[in-house]
Amino acid sequence: MSTRSHPDGQSARTRTTPSANADRAARYEQGLRDIAGDISAVAETLMLGTYNNAPPAELAQQCQQMADLTDGWKGTLIVRERSLGRRLDAVADAFDRSEDRLRKKYPFQNVDQYLLDREPPSKPRQVRKVTTSSPQQPAWRRPSQRLATALNVMRERSGLSQRELAEGLGISASYISRMLSGERRISWKHVTGMCAKCRVDPELFEPLWEVADGVPVKTDDPAGYLRTYLRALHYAAGSPSEDAVLSSMSTLTTHQLRQALHGPDVPDWDVIAQVVTALQGLSETARPMWQRARNAPRTGPDSATGPLSAESFG
Numbered sequence: 001m002s003t004r005s006h007p008d009g010q011s012a013r014t015r016t017t018p019s020a021n022a023d024r025a026a027r028y029e030q031g032l033r034d035i036a037g038d039i040s041a042v043a044e045t046l047m048l049g050t051y052n053n054a055p056p057a058e059l060a061q062q063c064q065q066m067a068d069l070t071d072g073w074k075g076t077l078i079v080r081e082r083s084l085g086r087r088l089d090a091v092a093d094a095f096d097r098s099e100d101r102l103r104k105k106y107p108f109q110n111v112d113q114y115l116l117d118r119e120p121p122s123k124p125r126q127v128r129k130v131t132t133s134s135p136q137q138p139a140w141r142r143p144s145q146r147l148a149t150a151l152n153v154m155r156e157r158s159g160l161s162q163r164e165l166a167e168g169l170g171i172s173a174s175y176i177s178r179m180l181s182g183e184r185r186i187s188w189k190h191v192t193g194m195c196a197k198c199r200v201d202p203e204l205f206e207p208l209w210e211v212a213d214g215v216p217v218k219t220d221d222p223a224g225y226l227r228t229y230l231r232a233l234h235y236a237a238g239s240p241s242e243d244a245v246l247s248s249m250s251t252l253t254t255h256q257l258r259q260a261l262h263g264p265d266v267p268d269w270d271v272i273a274q275v276v277t278a279l280q281g282l283s284e285t286a287r288p289m290w291q292r293a294r295n296a297p298r299t300g301p302d303s304a305t306g307p308l309s310a311e312s313f314g
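Each residue of the sequence shown is one higher than the last, beginning at 1 in our numbering.
Written as structure tokens, this is what we have:
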């Protein structure tokens with residue numbers, strides 16, 4: 001802020017940001033969402049290309065696309081906050097830049113022109129033997145990948161190498177490597193076998209496996225089944241702390257998160273969808289489970305148990 005003198009000799013602060021403009025802010029809000037979708041699409045393509053040995057020049061191009069998109073998203077966030085008449089101190093701290101520097105780097109006219117000229121990132125050359133998913137269904141959120149990730153987390157925590165686990169199951173190291181990377185279907189026999197070697201109850205992984213394998217769900221406790229699925233997603237995500245989960249979903253409360261994971265009641269769909277998204281799953285996968293859980297009569301107090309509890313959060 002700068003100052004100017006009144007006729008009576010008193011000074012007053014002049015604004016360095018415009019007054020709130022809801023229409024302008026709404027336009028920037030849509031821009032943020034569009035750019036975030038493009039970032040997700042490029043990030044997934046980059047991940048798939050990295051795993052499938054795409055040419056270095058192609059990977060570098062995708063990396064640069066992400067950097068450009070991120071800078072555009074940052075500028076759009078700055079002008080949205082300014083258009084709402086908000087201070088930039090918290091944002092400036094997060095970006096490790098001064099408020100004045102952010103205002104000068106991202107003036108309204110430049111960001112407006114960027115959004116006007118912006119085009120979605122060009123579709124990269126498809127990587128051989130890989131089918132890219134849409135931005136709404138990133139590869140790492142797919143049920144088969146969440147199962148593979150959960151089993152790999154279990155193996156790492158057990159201290160067993162892939163070779164040691166393979167020898168214990170009587171299969172080749174390359175075979176188990178393909179299962180744990182999500183490249184190959186995992187049978188329930190192999191799931192239970194891995195759990196036995198790692199000394200983990202396979203019940204935690206059953207909903208993940210049934211969803212990944214397309215097995216019809218049959219349970220007498222739909223609410224408990226849903227909670228087990230959510231706890232398995234939490235396990236696959238590396239068992240993040242409660243604060244870490246909540247920080248990724250600003251509208252989620254501690255009570256809602258604990259209720260989703262531990263009951264006894266089944267929260268509204270909006271809560272479940274946020275929890276699933278925060279734990280890197282697909283909300284459309286969990287919705288049928290939620291519907292069964294909400295429609296099922298409660299027969300008694302919640303008895304769901306497992307490796308996750310409210311106290312286990314940091």
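The beta carbon of each residue, even a glycine, is placed where N, CA and C say it ideally should be. In this text, all values refer to a predicted model and were calculated from it rather than measured experimentally.
Taking the straight line between their C-alpha atoms, what separation do you get for residue i and residue j?
i: Thr-219; j: Leu-246; result: 30 Å
i: Arg-38; j: Gln-274; result: The amino acid occupying residue 38 in the given sequence is Asp; Arg does not appear at that position. Going from the Cα of Asp-38 to the Cα of Gln-274 covers about 21 Å.
i: Tyr-105; j: Glu-44; result: With the sequence shown as reference, residue 105 is identified as Lys, and Tyr is not the correct amino acid for it. Whole-angstrom Cα-Cα distance: 29 Å.
i: Met-47; j: Ala-57; result: 14 Å
i: Leu-243; j: Ala-293; result: Inspection of the sequence shows that residue 243 is occupied by Asp rather than by Leu. Computed Cα separation, rounded: 26 Å.
i: Ala-278; j: Asp-117; result: 32 Å
i: Arg-87; j: Glu-29; result: 17 Å
i: Arg-315; j: Ala-67; result: Missing from the structure shown is residue 315; the chain here goes from 1 to 314 and no further.
i: Leu-102; j: Leu-69; result: 17 Å
i: Thr-132; j: Asp-34; result: Because Thr-132 sits at a pLDDT of 36, beneath the cut-off of 50, its placement in the model cannot be relied upon, and the following sentence gives the value as read from the coordinates. Computed Cα separation, rounded: 19 Å.
i: Ile-186; j: Ala-260; result: 28 Å
i: Val-271; j: Trp-188; result: 30 Å
i: Arg-94; j: Gln-109; result: Going by the sequence as given, residue 94 is Ala instead of Arg. Roughly 24 Å separates the two Cα atoms.
i: Ala-166; j: Arg-258; result: 36 Å
i: Asp-213; j: Ser-83; result: 48 Å
i: Ala-26; j: Ser-177; result: 47 Å
i: Asp-100; j: Thr-50; result: 38 Å
i: Pro-288; j: Pro-216; result: 11 Å
i: Ile-171; j: Leu-230; result: 30 Å
i: Val-191; j: Gly-182; result: 13 Å
i: Ile-78; j: Val-111; result: 9 Å
i: Gln-262; j: Thr-253; result: Correcting the residue identity first, residue 262 is His in this sequence and not Gln. Rounded to whole angstroms, His-262 to Thr-253 spans 14 Å at the Cα level.
i: Gln-126; j: Trp-209; result: Reliability of the predicted coordinates at Gln-126 is poor, the pLDDT of 40 falling under 50, and no value is obtained from them.
i: Asp-96; j: Thr-251; result: 25 Å
i: Ser-158; j: Ser-248; result: 28 Å
i: Gln-256; j: Val-200; result: 28 Å
i: Ser-40; j: Tyr-175; result: 30 Å
i: Ala-92; j: Ala-36; result: 20 Å
i: Pro-55; j: Ala-22; result: 45 Å
i: Glu-284; j: Pro-107; result: 39 Å
Under the rule that 16 or more other beta-carbon atoms within 10 Å means buried, what is residue i, buried or exposed?
i: Gln-145; result: buried
i: Ala-150; result: buried
i: Pro-138; result: buried
i: Val-211; result: buried
i: Val-276; result: buried
i: Gln-113; result: exposed
i: Gly-72; result: buried
i: Ala-90; result: exposed
i: Pro-143; result: buried
i: Ala-196; result: exposed
i: Ala-286; result: buried
Can the beta-carbon of residue i be found less than 7 Å from the beta-carbon of residue j?
i: Gly-85; j: Ala-20; result: yes
i: Leu-233; j: Arg-141; result: no
i: Gln-62; j: Val-42; result: yes
i: Ala-296; j: Pro-222; result: yes
i: Arg-184; j: Ala-173; result: no
i: Gln-280; j: Ala-237; result: yes
Throw me the rounded Cβ distance for the residue i and residue j pair, which I believe falls under 8 Å.
i: Arg-80; j: Leu-115; result: Rounded, the Cβ-Cβ distance is 11 Å, inconsistent with contact.
i: Met-179; j: Ala-148; result: 7 Å
i: Leu-160; j: Cys-198; result: 7 Å
Kindly examine the ligand ATP and report whether one of its heavy atoms sits closer than 6 Å to the Cβ of residue i.
i: Arg-287; result: Questions concerning the ligand ATP fall outside what the structure shown contains, since it holds no ligand whatsoever.
Would you be able to state if there are at least three C-beta pairs under 8 Å between the region 193–212 and the region 144–160? Yes: at least three Cβ pairs fall under 8 Å.
May I ask you to verify whether the region 262–281 touches the region 222–233, counting CB pairs closer than 8 Å and requiring at least 3? Because the criterion of three Cβ pairs below 8 Å is met, the region 262–281 and the region 222–233 touch.
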